[in-house]
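Novice:
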Amino acid sequence: MNEQRFNGRVALVTGGSSGIGAAVARRLLEEGARVASLDLAEHAPEGVLGIAGDVSSSADVEAAVARVTSEFGPVDVLVCSAGIAGASLRTVDVNDDEWRRVFAINSDGVFFCNRAVVGGMAGRGYGRIVNVASIAGKEGNPMAAAYSASKASVIGLTKAIGKDLAGTGVLVNAIAPAVIETPILDGISEEHIRYMLERIPMGRLGSVEEVAALVCWLASEECSFSTGATYDISGGRAVY
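Just so we're aligned, residue 84 is where the sequence shown starts under the numbering used here, counting upward by one.
(1) Tell whether a beta-carbon distance below 7 Å holds between Val-255 and Thr-310.
(2) Just the C-alpha distance for Arg-320 and Ile-283, rounded to the nearest angstrom, thanks.
(3) How many angstroms separate the CA atom of His-275 from the CA atom of Gly-99?
(4) Which residue spans inside the segment 157-235 form an unbroken alpha helix (DSSP H) run of at least 4?
(5) What do you get for Gly-91, buried or exposed, if any count of 16 or more other CB atoms within 10 angstroms of its CB means buried?
(6) Taking 7 Å as the cut-off, decide whether the C-beta atoms of Gly-220 and Val-138 are in contact.
(7) Can you tell me where the alpha helix (DSSP H) with Tyr-278 in it begins and where it stops?
(8) I want to know whether the segment 169-179 touches the segment 147-159 - three or more CB-CB distances under 8 Å.
(9) According to DSSP, is Thr-310 part of a helix, a strand, or is it coil?
(10) Kindly indicate which residue of Ile-212, Trp-182, Ile-103 and Asn-189 has the alpha-carbon position closest to the one of Glu-292.
(11) Thinking C-alpha only, which one of Pro-157, Met-226, Leu-132 and Glu-129 is nearest Asp-176?
(12) Tell me whether Val-96 sits in a helix, a strand or coil according to DSSP, three-state version.
(13) Flag this pair as touching only if the segment 229-244 and the segment 185-199 have three or more C-beta atom pairs under 8 Å; answer yes or no.
(14) What residues are listed by DSSP as bridge partners for Gly-104?
(15) Looking at the strands, I want to know which residues DSSP matches up with Arg-117.
(16) Are the segment 178-185 and the segment 204-224 touching, with three or more C-beta to C-beta distances below 8 Å?
(17) Counting only the same chain and skipping the five closest in sequence on each side, list residues whose C-beta sits under 6 Å from that of Ala-235.
(18) Counting pairs of beta carbons, one from the segment 103-116 and one from the segment 294-311, are three or more of them closer than 8 Å?
(19) Can you pull the DSSP bridge partners for Val-131?
(20) Express the C-alpha separation of Ser-140 and Tyr-323 in angstroms, rounding to a whole number.
(21) On the DSSP bridge list, what partners appear for Ile-263?
(22) Can you tell me which of Ile-263, Val-118 and Tyr-230 puts its alpha carbon nearest to the alpha carbon of Val-162?
(23) Would Val-262 pass as a contact of Leu-240 if the rule is Cβ separation under 7 Å?
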């Protein structure tokens, strides 16, 4: 761990109260950043500014960015980790409300957050954005049409924004985790979890600390010639 890597940087992490988001927020803080979390609850890791808000509300996102800017300074690093799995349902059983609920958080939320910071980052000539997608966005999972499609949209969005901003000093990348040991698993059926685990050659769940290590490299100045890319962290399930 490089304790100096984020000295002087301001980071905003969505979904920072638990799971991958909390692990990322803690590591950014440990490596010198001033860190804020945007989540439904104000609860956040010790030392992290907790902001209550809903990423599916563009007004909440804009307000959060304004507060971070006021209290810490302009956002240098954005990590979009807020997300939901949605219900484990066959496609014919996914109703309109469930489809829109999953997309509102997983897809709209990422777009709103990216849009809220990219103008300022580009104007200052520096920024790092990491969007948390999923292996389901590459391969699709059964019983998860809404989740898989919403995460595929995160991958496409990341490619587009990365290309939009290429040459500005702002790099935008995504990660595609396989099943990681987080609270999001609480809402998924055992059958669904077993399906995902059986497809991981390493034969285990990933840890949030392993994901945070990759995210923080992508969020740092060490990442300097990659944008619009999606990085695998799936224990070998997808190797592209």
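Backbone N, C-alpha and C define an ideal beta-carbon position, used for all residues, glycine too. Treat the numbers as computed from the prediction; the structure is a model and nothing was measured.
Specialist: Considering the structure as presented:
(1) yes
(2) 5 Å
(3) 25 Å
(4) 179-186, 192-207 and 218-222
(5) exposed
(6) no
(7) 273-281
(8) no
(9) coil
(10) Ile-103
(11) Met-226
(12) strand
(13) yes
(14) The partner list for Gly-104 (beta bridge, DSSP) is empty, contrary to what the question assumes.
(15) Val-93
(16) no
(17) Gly-220
(18) yes
(19) Beta-bridge pairing links Val-131 to no other residue.
(20) 33 Å
(21) Gly-289
(22) Val-118
(23) no
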